[in-house]
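Enquirer: Attaching a single structure in structure tokens format; questions to follow.
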Amino acid sequence: MSRSTDFLAGLLAAALTVACGAAAARTSDRNQPMDIESARSTCGTGNNASCTLTGNVTLVQGTLRVKAEKAVIQQAGGNPSRALLSGGVNLQQEMDDGDRIDATSDNIDYDLRNEVMVFTGNVVIRQQRGTLNGQRVVYNLKTGQVESGGDGGRVKMRILPKDAPADAGKGMP
Numbered sequence: 001m002s003r004s005t006d007f008l009a010g011l012l013a014a015a016l017t018v019a020c021g022a023a024a025a026r027t028s029d030r031n032q033p034m035d036i037e038s039a040r041s042t043c044g045t046g047n048n049a050s051c052t053l054t055g056n057v058t059l060v061q062g063t064l065r066v067k068a069e070k071a072v073i074q075q076a077g078g079n080p081s082r083a084l085l086s087g088g089v090n091l092q093q094e095m096d097d098g099d100r101i102d103a104t105s106d107n108i109d110y111d112l113r114n115e116v117m118v119f120t121g122n123v124v125i126r127q128q129r130g131t132l133n134g135q136r137v138v139y140n141l142k143t144g145q146v147e148s149g150g151d152g153g154r155v156k157m158r159i160l161p162k163d164a165p166a167d168a169g170k171g172m173p
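Position one of the sequence shown corresponds to residue 1 (the UniProt record's numbering), numbered consecutively onward.
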């Protein structure tokens, strides 16, 4: 990769790490090296440039693992402002408490300025104590607020008792 590609790919990693960080993600992950791979990348070099990574995009940093078919990172004033992930997005990370989060969706739109992540299309978010399914989930990292619904679909949740066995959350009704 070229220097500009390395820099902008690093912005993608930073954006995703920040996004997951607010959810009590493994604190030590932020201090780990980031490995990013894709079949192809096209990146600009200006302050308002973008970087497009396509073809089996993968990002690994500590316990954080993100996969997508495409990632577009936008900058404003030299800082990352938005990360758009599409094509079978899968995000996995271990939390500080040992729990693991596994999220899948068709797309993730992460607005870094406002610290809001929007998961759209076939969203499934699983943790040990529950599962959330829907077509659209908005997560405000500043407030911790989660909003779900949209596109005429219904939101489905399963919340397990605190002492439920780990496999009790398998299979939504």
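Glycine included, each C-beta is placed from N, C-alpha and C at the ideal position. What you are looking at is a predicted structure, and each value in this text was computed from that prediction instead of being measured.
1) Assign residue 73 to buried or exposed, taking buried as 16 or more other Cβ atoms, counted over all protein chains shown, within 10 Å of its Cβ.
2) Would you grab the beta carbon distance between residue 157 and residue 130 for me? Rounded to a whole angstrom, and I think it's under 8 Å.
3) Would you kindly report the start and end of the unbroken beta strand (DSSP E) that includes residue 38?
4) Going by DSSP, name the residue or residues bridged to residue 131.
5) How should residue 159 be labelled, buried or exposed, when 16 other C-beta atoms within 10 angstroms of its C-beta is the threshold for buried?
6) Between residue 112 and residue 81, is the Cβ-Cβ spacing less than 8 Å?
7) Cβ of residue 75 within 8 Å of Cβ of residue 114?
8) With C-beta atoms as the reference, is residue 86 less than 8 Å away from residue 103?
9) Can you tell me which residues form a DSSP beta bridge with residue 117?
10) I need the DSSP call for residue 99, collapsed to helix, strand or coil.
11) Three-state secondary structure (DSSP) at residue 27?
12) The beta strand (DSSP E) spanning residue 245 covers which residue range?
13) Quick one: what's got a C-beta closer than 7 Å to residue 163's C-beta in the same chain, skipping five residues either side?
14) From the DSSP output, in three-state form, read off residue 61 for me.
15) Mind checking whether residue 29 and residue 64 have CB atoms under 8 Å apart?
16) With a cut-off of 8 Å, does the C-beta of residue 50 fall near any C-beta of chain B?
Expert: Well, looking at it:
1) The residue in question, residue 73, is buried, as its Cβ has 16 or more Cβ neighbours within 10 Å.
2) 7 Å between Cβ atoms; contact.
3) Residue 38 -> no beta strand (DSSP E), and no H or E assigned at all.
4) Residue 131 pairs with 126, 158.
5) By the beta-carbon neighbour count (other beta carbons within 10 angstroms, threshold 16), residue 159 is exposed.
6) Residue 112 is a Cβ neighbour of residue 81, given a cutoff of 8 Å.
7) No, they are not a contact pair.
8) A distance of 8 Å or more separates the beta carbons of residue 86 and residue 103.
9) Answer is 110, 139, bridged to residue 117.
10) It is coil, neither helix nor strand.
11) Note: residue 27 maps to helix in three-state DSSP.
12) For the chain, the structure presents residues 1 to 173; residue 245 sits outside this window and is missing.
13) In its own chain, leaving out the 5 sequence neighbours on each side, no residue places its CB closer than 7 Å to the CB of residue 163.
14) In the structure shown, residue 61 sits in a strand (DSSP, three-state: E or B).
15) In contact: residue 29 and residue 64 (Cβ atoms closer than 8 Å).
16) Structure shown: chain B not included; a single protein chain is present.
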